[in-house]
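The structure appears below as structure tokens.
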Amino acid sequence: MFSPLDLGFTTLSNRVMMGSMHTGLEEVDKTGERIAAFYGARAKGGVSLIVTGGVSPNLEGGTGMPGEEAGFGRLDNDAAIPTHRKVTDAVHKYDSKILLQILHTGRYSFAPNLVAPSPIQAPISPHKPREMSEKDIEHTIADFANCAKRAQKAGYDGVEIMGSEGYLINQFLAVRTNQRDDDWGGSFANRIKFPLQIVEKTRQIVGKNFIIMFRLSMIDLVEGGSSWPEVVALAKKLEKAGVTLLNTGIGWHEARVPTIAQAAPRTAWAWVTKAMKQEVSIPVIACNRFNMPEQIEDVLAAGDADMVSMARPFLADADFVAKSRQGNAETINTCIACNQACLDHIFSMKTCSCLVNPRACHETIYAMGKTSNPQNIAVVGAGPAGMSMAAEAADWGHRVTLFEASDRLGGQLNIARNIPGKNEFDETVRYFTNRLHRANVETKLGKFVSADELSKGYDHVVLATGVLPRSPDIEGIDHPKVMTYLDALTGAKPVGKRVAIIGAGGIGFDTAEFLLHDPATQNMSIPAFQTKWGIDQNWGTDEAGEKAGLAARPSPPMPSRQIYLLQRGDKFGRTLGKTTGWIHKAEMKLGGVKMLGNVTYEKIDAQGLYIRVEDAAQVLEVDTIVICAGQVSNDALRKKLENNGVMVHLIGGADEAGELDAKRAILQGMKLAGAIA
Ligand code: FAD
Ligand code: SF4
Numbered sequence: 002m003f004s005p006l007d008l009g010f011t012t013l014s015n016r017v018m019m020g021s022m023h024t025g026l027e028e029v030d031k032t033g034e035r036i037a038a039f040y041g042a043r044a045k046g047g048v049s050l051i052v053t054g055g056v057s058p059n060l061e062g063g064t065g066m067p068g069e070e071a072g073f074g075r076l077d078n079d080a081a082i083p084t085h086r087k088v089t090d091a092v093h094k095y096d097s098k099i100l101l102q103i104l105h106t107g108r109y110s111f112a113p114n115l116v117a118p119s120p121i122q123a124p125i126s127p128h129k130p131r132e133m134s135e136k137d138i139e140h141t142i143a144d145f146a147n148c149a150k151r152a153q154k155a156g157y158d159g160v161e162i163m164g165s166e167g168y169l170i171n172q173f174l175a176v177r178t179n180q181r182d183d184d185w186g187g188s189f190a191n192r193i194k195f196p197l198q199i200v201e202k203t204r205q206i207v208g209k210n211f212i213i214m215f216r217l218s219m220i221d222l223v224e225g226g227s228s229w230p231e232v233v234a235l236a237k238k239l240e241k242a243g244v245t246l247l248n249t250g251i252g253w254h255e256a257r258v259p260t261i262a263q264a265a266p267r268t269a270w271a272w273v274t275k276a277m278k279q280e281v282s283i284p285v286i287a288c289n290r291f292n293m294p295e296q297i298e299d300v301l302a303a304g305d306a307d308m309v310s311m312a313r314p315f316l317a318d319a320d321f322v323a324k325s326r327q328g329n330a331e332t333i334n335t336c337i338a339c340n341q342a343c344l345d346h347i348f349s350m351k352t353c354s355c356l357v358n359p360r361a362c363h364e365t366i367y368a369m370g371k372t373s374n375p376q377n378i379a380v381v382g383a384g385p386a387g388m389s390m391a392a393e394a395a396d397w398g399h400r401v402t403l404f405e406a407s408d409r410l411g412g413q414l415n416i417a418r419n420i421p422g423k424n425e426f427d428e429t430v431r432y433f434t435n436r437l438h439r440a441n442v443e444t445k446l447g448k449f450v451s452a453d454e455l456s457k458g459y460d461h462v463v464l465a466t467g468v469l470p471r472s473p474d475i476e477g478i479d480h481p482k483v484m485t486y487l488d489a490l491t492g493a494k495p496v497g498k499r500v501a502i503i504g505a506g507g508i509g510f511d512t513a514e515f516l517l518h519d520p521a522t523q524n525m526s527i528p529a530f531q532t533k534w535g536i537d538q539n540w541g542t543d544e545a546g547e548k549a550g551l552a553a554r555p556s557p558p559m560p561s562r563q564i565y566l567l568q569r570g571d572k573f574g575r576t577l578g579k580t581t582g583w584i585h586k587a588e589m590k591l592g593g594v595k596m597l598g599n600v601t602y603e604k605i606d607a608q609g610l611y612i613r614v615e616d617a618a619q620v621l622e623v624d625t626i627v628i629c630a631g632q633v634s635n636d637a638l639r640k641k642l643e644n645n646g647v648m649v650h651l652i653g654g655a656d657e658a659g660e661l662d663a664k665r666a667i668l669q670g671m672k673l674a675g676a677i678a
């Protein structure tokens with residue numbers, strides 16, 4: 002991981018790269034100060050190579066997001082160069098290099114004036130694209146090359162040409178999206194002309210000593226995508242055309258296979274890069290679902306890749322590489338692949354951040370410092386809100402005592418971690434445990450603290466006492482077959498074979514997934530993941546692969562339980578993540594879960610759950626009814642403390658139970674610590 006990578010005309014200081022991420026700052030940061038602070042912090046943290054979020058080479062190639070004209074998102078004239086210069090200067094203060102990613106969205110743009118090789122609307126796009134004329138194509142090739150030249154003027158060490166994830170270049174390569182009958186479509190030789198000419202023209206204009214990285218879609222995972230022999234043939238031609246480094250792209254955005262979400266096991270895609278590495282002689286970069294140094298080391302040591310790229314883990318921790326180098330991997334704030342504050346924000350037109358590190362992309366807003374007025378602070382509850390508050394307040398220089406009623410830190414994260422894929426939360430608890438220890442927070446586990454104990458000796462008391470399950474008003478709710486999600490998820494009560502779940506919010510979906518899975522397979526193996534999602538396990542080794550990495554899916558095994566997931570409204574999955582909701586819905590389908598909306602609950606008795614669905618009465622003959630009907634704040638200590646004249650603050654679930662998640666809990670903890678400072 003720490004051996005340099007010699008590229009001939011320049012050397013990278015180690016084998017870890019920060020991959021491209023659109024952060025939303027491109028649209029809001031008119032001066033480039035925030036973007037420079039963001040990338041500068043990652044360079045300081047030791048990463049050897051950074052790739053910026055995608056920058057469009059022309060107007061049509063942009064995302065179409067409001068504010069794009071702000072200055073960073075498009076580089077089609079020299080006026081934006083000074084803004085970019087701030088970024089390259091910030092990175093070059095350290096032993097780190099930075100590439101500008103040139104990305105043309107093609108039919109994935111949100112704007113109505115979008116273009117593509119053929120006028121075929123993407124299943125995830127709001128508009129149908131206009132077919133590019135030959136003149137448009139030639140112009141766009143020139144725009145890519147000119148954009149690279151401007152990047153060079155702005156001080157970048159190179160460019161990454163975005164040829165994957167289903168964006169314009171991918172759209173030219175695949176018959177799925179390229180149905181032209183002129184020189185740019187039809188045969189493979191015609192379809193690859195567009196990327197090859199971009200690389201050739203770019204190399205001509207930037208000269209020899211400038212990095213050109215190409216992000217090649219090595220497995221499209223969509224019908225009508227490239228075959229493996231085509232991917233290899235293109236890679237070899239790109240190498241000849243002057244590409245310095247080959248980066249791996251996995252799946253188009255419209256693919257219905259999880260590529261980076263928690264449903265994909267760690268290092269799930271390294272085998273694709275390994276197959277490519279045997280075909281070309283330029284360095285090849287692996288990516289997707291790396292989040293801890295051991296995995297990077299393993300893949301590099303095995304010779305399966307020359308470098309590893311991670312994106313989201315650098316939102317979670319800017320110092321990932323420095324901490325690894327110092328042998329302090331246990332202090333890394335690990336990306337848990339939730340997408341909640343990064344991709345979900347971007348797809349909701351919000352600035353990106355990170356659930357476990359709310360400072361990401363807000364470096365200049367939530368700056369750290371030391372207080373001149375240290376206080377005695379008691380924090381009650383060691384869920385994400387309490388852990389975040391206690392660690393931050395101690396870092397500001399306060400004396401902090403953290404009380405936790407149970408015998409471990411983490412609060413509900415210790416429950417959430419039982420859901421398939423969510424055991425990544427163990428990393429968050431490990432991170433905070435180490436951070437609290439290092440910050441000298443006095444932690445009192447197994448201490449259910451009372452208002453009287455908190456009423457003397459503290460300048461501030463912070464209630465981070467979380468939530469309690471809400472119990473709906475249904476006749477028979479006290480029947481022995483009824484339990485809360487906590488009972489079901491902790492194994493406190495046995496769950497039968499026929500189950501009704503009341504409430505289809507995030508916890509309802511999670512409970513269904515938990516009840517369907519075999520506890521022995523909490524960490525799904527990569528082959529099992531491939532079988533489940535229909536990924537061709539021979540991809541990269543045989544000549545088949547006509548279907549771009551997709552294989553026929555076997556019929557799902559008989560579910561271990563019959564589950565009904567019920568809700569009062571009609572729109573299922575409204576509260577699920579923007580970029581991951583489809584995965585949870587697909588899991589329900591695979592598990593044969595019956596989802597019923599517009600349900601009215603009438604009563605519960607030995608026979609089961611009596612419901613009405615749009616006026617039709619029915620009885621669900623189930624053994625167990627699990628209540629996932631929301632939560633209420635656990636703020637029982639508040640009144641008494643206030644009556645005792647104590648300065649009380651509420652954060653996380655104790656403050657507001659509605660729409661609660663760990664993202665808000667950690668953010669509130671961090672903000673309150675800053676406010677007391
Ligand atoms: P909690 O985590 O509830 O912590 C409160 C703590 O206070 C507890 O440890 C409790 O023991 C302690 N306490 C209470 N009273 C006292 C007292 N008097 N003295 C001492 N200690 C006390 N969120 C996400 O963002 N993403 C997810 O994917 C996700 N999945 C989830 C899945 C499940 C199954 C569940 C149950 C939750 C999930 N959540 C998820 C929600 C997330 O876990 C909560 O939003 C978050 O834990 C709330 O944080 P908190 O610190 O406010 O409270
Ligand atoms: Fe990773 Fe979640 Fe942070 Fe995104 S929000 S960087 S997925 S931990």
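Numbering (the numbering used here), first residue to last: 2 to 678. Even for Gly, the Cβ is constructed at its ideal location relative to N, Cα and C.
Judged by beta-carbon spacing, Asp571 lies within the 8 Å limit of Asn599, meaning their Cβ atoms are closer than that value. Residue selection by CB proximity (closer than 6 Å to any heavy atom of the ligand SF4) returns Arg313, Leu316, Ala317, Cys336, Ile337, Ala338, Cys339, Asn340, Gln341, Ala342, Cys343, Cys355, Leu356 and Val357 in chain order. Between Asn147 and the set Lys275, Gly398, Thr203 and Phe449, the nearest pair of CA atoms involves Thr203. Under DSSP, the beta-bridge partners assigned to Gln563 are Arg499. Sequence-distant partners of Leu642 (beyond 5 residues in either direction) whose C-beta falls short of 7 Å from its own C-beta, in its chain, are Ala452, Leu455, Ser456, Val462 and Val649. As the crow flies, the alpha-carbon of Ala149 is around 10 Å from that of Phe211.
Annotated three-state conformation of Glu61 is coil, per DSSP.
For Asn358, the closest C-alpha among the options Lys351, Met350, Ile337 and Ile347 is that of Ile337.
At the C-beta level, Leu246 and Ile286 come within 8 Å of one another.
Between Trp229 and Gly62, the alpha-carbon positions lie close to 27 Å from each other. C-alpha of Asp656 to C-alpha of Asp636: approximately 8 Å in a straight line. If you draw a straight line from the Cα of Tyr168 to the Cα of Ala123, it comes to about 10 Å. By the criterion of a C-beta distance shorter than 7 Å, His363 is surrounded in its chain by Ser354, once the five residues flanking it on both sides are discounted. Relative to the ligand FAD, even the nearest heavy atom lies 7 Å or more away from the CB of Ile502. In this structure Val48 is in contact with Ser97, their Cβ atoms being roughly 6 Å apart against a cut-off of 8 Å. Measuring C-alpha to C-alpha distances from Arg108 to each of Phe510, Ile170 and Pro520 identifies Ile170 as the nearest. Not one heavy atom of the ligand FAD falls within 7 Å of the beta-carbon of Ile628. The C-beta of Ala513 has 16 or more other C-beta atoms within 10 Å across all chains shown, which makes the residue buried. Distances taken from the Cβ of Phe348 to the heavy atoms of the ligand FAD include none shorter than 7 Å.
Around the beta-carbon of Met219, 16 or more other beta-carbon atoms lie within 10 Å, marking it buried. Between the alpha carbons of Phe530 and Ala553 lies a gap of roughly 14 Å. Within the DSSP secondary-structure output, Met214 pairs in a beta bridge with Glu161 and Leu246. Within the model, the alpha-carbon separation for Ala317 versus Gly252 is close to 23 Å. Taking 8 Å as the cut-off, the Cβ atoms of Phe215 and Val200 count as close. By the Cβ rule, the region 653-669 counts as touching the region 381-391, because three or more pairs are nearer than 8 Å.
Taking the Cβ of Lys590 as the reference point, every heavy atom of the ligand FAD lies at 7 Å or farther away. The ligand FAD approaches Ser407 closely enough that one of its heavy atoms is under 7 Å from the residue's Cβ.
In the DSSP assignment, Ala618 falls outside any alpha helix (DSSP H) and lies within the beta strand (DSSP E) extending over Ala617 to Leu621. Looking only at Gly243, Gly467, Lys154 and Ala42, the smallest Cα-Cα distance to Pro196 is reached by Gly243. DSSP assignment within the region 447-488 yields the following whole alpha helix (DSSP H) runs of 4 residues or more, N-terminal first: 452-455. Remark: the shortest separation between the CB of Asp662 and any heavy atom of the ligand FAD falls under 7 Å. Ser389: member of the alpha helix (DSSP H) spanning Pro385 to Trp397, first to last residue. Listed in chain order, the alpha helix (DSSP H) runs fully inside the region 14-95 are 26-29, 34-45 and 82-93, counting runs of at least 4 residues.
Within 10 angstroms of the beta-carbon of Ser188 lie fewer than 16 other beta-carbons, which makes it exposed. Rounded to whole angstroms, the Cβ separation of Gly609 and Leu621 is 5 Å, and the two are in contact under 8 Å. Contact check between the region 418-436 and the region 323-343: three or more CB pairs, one atom from each, fall below 8 Å, which counts as touching.
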